[in-house]
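Participant:
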Amino acid sequence: MCLPVLSLYALTASAQGMDSIQHLENVEVYGKRPIATSQTLRGADLQALATTSVADALKYFAGVQIKDYGGLGGLKTVNVRSMGAQHVGIYIDGIRITNAQNGTVDLGKFSLSSMESVSLYNANKLDNCQSASEYASGATVYMRTRRPTNDSLSVQLRRASFSTWMAKVNAQFKWRRWSGFVDGEWTYSEGDYPFRYHSEYEDTVGRRANSDIHYGRIEGALFNGGFSSHIYYYESERGCPGGIVRRLSDKYINVAREWDRDFFVQASYERQFAERHRFKVNTKYTNEYLRYCTKYPENQNTARVDNHYRQEDGYGAVCYGFMPWSWLSLSTSYDVRYSKLQADLKRFDDVHRLDQKQVIAAQMNWHDIQAAVSLLHQHYHDFTFANAGAADPLDRWTPTLSVAYTLKKLTMRVWYKKIFRAPTLNDLYYTQVGNRNLKPEYTKQWNIGVEYHYDKRQWNASLQADLYWNKIENRIVCLPMKGTYTWSMMNYGYTFCRGLNATAQGRYHTGEWQFSLLTSLTWQHDVNRTDPTDEDTYDKPICYAPTLSTGITAIAAWRTLQFTASYLHVGERMWSYADPDDVLEAYNNVDVKLSYTRHVKKNSLGVCLEVCDLLDEQYEHIPRYPMPGRNYKLTLTFGI
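My numbering runs 781 ahead of the 1-based position in the sequence shown.
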């Protein structure tokens, strides 16, 4: 089966000075469409968005909700199909980014400037030689860095609203079979944006305080055939502003500061033998430091702490794939990860976790029928010298089954996946809150979908739609146990979610004009099914889960001039069961971007103007954490 791929162009990348302009003719790729539900932004489409981080790009995918605590320095996590951020695996160049402490990854720390593509997979991304960890999440986000094809250097300067400055340098090289890049960034922002908080009972106007951030990031990569490596360092200091307080928002300040220092180095090597055997090895070392301090005299009614956390993580994986026949692929993988968490909290002892995963998988490609099955084994064993001891070892097997049928340009698919997430080290051992008796949080997913592609010489279109059902048992939540001042992590009931994800894309090119239209739609009904006798919560919507959200992105490009307009609608979300009227209002977000690049010989000079939240809707992802309203970014880029 032949899948024609649309005409690609690097117009936006050149507009940002990251690459020289390159027009590629139509390329045909031979292979089967993936069984898993997937969405991808790559190349020009990815760089065209008015975004700066991976989290900003993911919000345009169907089924995705972003939690953002406001401002440039706010924590940004991704939730897919209401399963929770801990059920989403984040990968860069095929190796997972982990956090044993709380299980979440702040996607605001990863820039798009070095990315070739960002993809979201529900179920499993099917490859005949991949790590067991890639089977162990309810959904996976893959970030693939750009493989340089020539030598280049670009310098980028940005001035933005709220006293924001940014400087970025990107250097790429190509020498014989080796290629690589170095990407560095420094950003400072006071983050003092104005806000207005309006409700039935209050009308508060003020300016956000303690919302500043400054950070530096440097990363590099090296590639040679089946070898790839990546090194990353990030250091920041930011304010944690806290929620809005009625009529006192400029005076009553819960001052908190956070310092982060993240480092990882990873490498992967893959080789194919005799066309039937594939072998891959992954390795990674991670070192993270976090300091959270609230010991400031301005604080009122807030616990004053100065906590330091240190994590170390070593990871290795061996993968093997075998194709006995052209239509059948067998694979297996073994992963091991060793994590250590240190903290200076009272009555907290160092915790060590040994995490082992094994998977056996088979994939079939027989005429127009595709099928895949996998069986994943996970084993967790914690070690601590605390008086209460470590939690019991966790040992589980979970299956996944996928089937698809392709009829000309139409593909129909169905898949089922059972998976769980182990309690994080915070869930189990955090002082006065952790519960060593927690059970894993199980997720069962069912999906029925259809995908259609239509390709012509000058234009192409694609459409996919998926109906899904999710059931999560033993939800891990934090509940008050002995009065309102003593909380503990607990397994509490289950939730049921049914929904529809749909995406449509169309692209047209004529002469020197390029047009793209990307759309997404999510409808879902996510409800609490824990206790039928509890009328206040049973069959009520899960907090922070909107029923309807849509996104539309339109891109028009002529030569090296490009205009992008993005529209995002997110419906109402309940945020508290205490009062059914406690809802976050629906919002509409419009971003526009205009970029132009002038080429002089082998050099380029680019200018880009972005207007984010054009309608100036100061919406919220979290109650009383208003997002910035209308803001501007002006970027100058020089490339050689």
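Positions of the beta carbon are idealized from the N, C-alpha and C atoms, including for glycine.
Because the structure is a prediction, the values reported are computed rather than measured.
Would you report the Cα separation of Gln-1226 and Ala-1285, rounded to the nearest angstrom?
Facilitator: Going from the Cα of Gln-1226 to the Cα of Ala-1285 covers about 23 Å.
Participant: Nearest-angstrom Cα distance between Glu-1401 and Phe-1296?
Facilitator: Cα-Cα distance, rounded: 32 Å.
Participant: On the three-state DSSP scale, how would you describe Gly-1230?
Facilitator: The answer is strand: DSSP assigns Gly-1230 an E or B state.
Participant: Drop a sphere of 10 angstroms on the beta-carbon of Gln-1239, count the other beta-carbons inside from all chains shown, and report buried for 16 or more, exposed for fewer.
Facilitator: Gln-1239 should be labelled exposed.
Participant: What residues match up with Thr-1284 in a beta bridge as DSSP calls it?
Facilitator: In DSSP, Thr-1284 forms a bridge with Gln-1245, Ser-1301.
Participant: Hey, Asn-905 and Arg-862: beta-carbon distance below 9 Å or not?
Facilitator: No; because the gap between Cβ atoms is not below 9 Å, this pair is not in contact.
Participant: Between which two residues does the alpha helix (DSSP H) carrying Gln-867 extend?
Facilitator: Premise fails: Gln-867 is in no alpha helix (DSSP H) and is neither H nor E.
Participant: Going by other Cβ atoms of all chains shown within 10 Å of its Cβ, with 16 needed for buried, is Val-859 buried or exposed?
Facilitator: Under this definition Val-859 is a buried residue.
Participant: Closest by CA to Arg-1279, which one among Arg-1288, Gln-1305, His-1290?
Facilitator: Closest option to Arg-1279, Cα to Cα, is Gln-1305.
Participant: Nearest CA to the CA of Asp-1320: which residue from Gly-1332, Thr-1276, Gly-1292, Tyr-1348?
Facilitator: It is Thr-1276.
Participant: Candidates Ile-1257, Val-1195, Asp-1247: which alpha carbon is nearest Glu-1222's?
Facilitator: Measuring from the Cα of Glu-1222, the nearest candidate turns out to be Ile-1257.
Participant: Note down the Cα distance separating Gly-1095 from Gly-884, rounded to an integer number of angstroms.
Facilitator: Near 16 Å, if we compare the C-alpha coordinates of Gly-884 and Gly-1095.
Participant: Rounding to the nearest angstrom, what Cα-Cα distance links Ala-752 and Lys-1065 in this structure?
Facilitator: Outside the displayed range of the chain (782 to 1421) lies residue 752, so it cannot be described from this structure.
Participant: One question on the structure: do Arg-1354 and Ala-1326 come within less than 9 Å of each other, judged by their Cβ atoms?
Facilitator: In this structure, Ala-1326 lies closer than 9 Å to Arg-1354 by Cβ.
Participant: Return the residue from the list Ala-1246, Ala-1037, Lys-1252 that minimises the CA-CA distance to Ala-843.
Facilitator: Comparing Cα positions, the closest option is Ala-1246.
Participant: Pull up the distance between the alpha-carbon of Ala-1037 and that of Tyr-1073, whole angstroms please.
Facilitator: Their backbone Cα atoms lie some 7 Å apart in a straight line.
Participant: Is DSSP giving Glu-983 helix, strand or coil here?
Facilitator: Reduced to three states, the DSSP call for Glu-983 is coil.
Participant: Secondary structure at Ala-843, three-state DSSP: helix, strand or coil?
Facilitator: Three-state DSSP puts Ala-843 in coil, outside helix and strand.
Participant: Can you tell me the Cα-Cα spacing of Asn-951 and Phe-1044, whole angstroms?
Facilitator: One C-alpha to the other measures close to 19 Å.
Participant: For Gly-1420 and chain C, any beta-carbon pair shorter than 9 Å?
Facilitator: Among the chains in the structure shown there is no chain C, since it carries only a single protein chain.
Participant: Any idea if Asp-1208 is buried or exposed, counting beta-carbon neighbours within 10 angstroms, 16 or more meaning buried?
Facilitator: The residue is buried, with at least 16 neighbouring Cβ atoms inside 10 Å.
Participant: Using CA atoms only, rank isn't needed, just tell me which of Gly-961, Gln-1047, Met-1193 is closest to Thr-879.
Facilitator: Checking every option, the nearest Cα to that of Thr-879 belongs to Gln-1047.
Participant: Mind checking His-804: buried by the 16 CB within 10 Å criterion, or exposed?
Facilitator: Only weak support is given to the placement of His-804: the predicted model assigns it a pLDDT of 37, under 50, and the value that follows is read from those uncertain coordinates. With fewer than 16 other Cβ atoms within 10 Å, it is exposed.
Participant: Looking at the secondary structure, which residues open and close the alpha helix (DSSP H) in which Asp-826 lies?
Facilitator: Residues 824 to 829.
Participant: What separation, rounded to the nearest whole angstrom, lies between the Cα atoms of Met-1271 and Asp-887?
Facilitator: Using only the alpha carbons, I get a separation of about 24 Å.
Participant: How many angstroms separate the CA atom of Ile-1229 from the CA atom of Asp-826?
Facilitator: In a straight line, the C-alpha of Ile-1229 is about 27 Å away from that of Asp-826.
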